[in-house]
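Asks: Start counting the sequence shown at 4; every next residue gets the next number (my numbering). Just so you know, even glycine gets a beta-carbon here, dropped at the ideal spot from N, CA and C.
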Amino acid sequence: MLVLQQANAEFTAKDCRDLGFIKSQLFCSSCDTLGEYGLDELKDHCRECCQKDVESTGKLMVYPKAVLEVCTCKFGAYPQIQAFIKSDRPQKFPNLTIKYVRGLDPIVKLMDEAGNVKETLSITKWNTDTVQEFFETRLTKITDDDNYLLTNRV
């Protein structure tokens, strides 16, 4: 008697690369658009390689905190990330922390309230506007009512 067991495992980054996907940069919402281009046969593999970016309700997942990690030694290779960090744009996101990590290519870590990392994304190919737009859509908006407490810190 032959028993088949289906393993429900995600593909590794190498598996995805071999299939033509970059796992760290692929959002599951992108897989949904493959049918528009006549690429339905790629959907299953795409789903195995993607990062969940939409809740089961269909809403984009929003996080209370994020950390942008990069090495200053990499600014020459990623001038768009340097431009974002050195501009006033990060100040628009009080729940965003810039962290300098020696030798690291630029990544974004999205976190829950407790500071647990929920998603890690490579942003090496993103331009300055894309980085800003990402934080505008994926970070919880902090209203001015929340900011008044920041001025009262001792």
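Measure the Cβ-Cβ separation of Val134 and Lys102 and say whether it is below 8 Å.
Replies: The residue given as residue 134 occupies position 131 in the sequence shown. The residue given as residue 102 occupies position 99 in the sequence shown. Not closer than 8 Å, so no.
Asks: Bridge partners for Lys112 per DSSP, in chain order?
Replies: Taking the first residue of the sequence shown as 1, we reach residue 112 at position 109. Its beta-bridge partners are Val70, Thr123.
Asks: If we ignore side chains and look at the alpha-carbon of each, how far apart do Thr15 and Cys34 end up?
Replies: Position 12 of the sequence shown, counted from the start, is the residue given in the question as residue 15. Position 31 of the sequence shown, counted from the start, is the residue given in the question as residue 34. Each residue's Cα considered, the two are about 17 Å apart.
Asks: Measuring only the C-alpha atoms, how far is Cys19 from Arg50?
Replies: Locating residue 19 in the sequence shown gives position 16, where the first residue counts as 1. Locating residue 50 in the sequence shown gives position 47, where the first residue counts as 1. Whole-angstrom Cα-Cα distance: 10 Å.
Asks: Alpha carbon to alpha carbon, what distance is there between Thr143 and Phe96?
Replies: Here residue 96 refers to the residue found at position 93 when the sequence shown is read from its first residue. Here residue 143 refers to the residue found at position 140 when the sequence shown is read from its first residue. When rounded, the distance between both Cα atoms is 9 Å.
Asks: Looking at the structure shown, is Thr143 part of a helix, part of a strand, or coil, going by DSSP?
Replies: The count along the sequence shown starts at 1 and reaches residue 143 at position 140. Three-state result, Thr143: coil.
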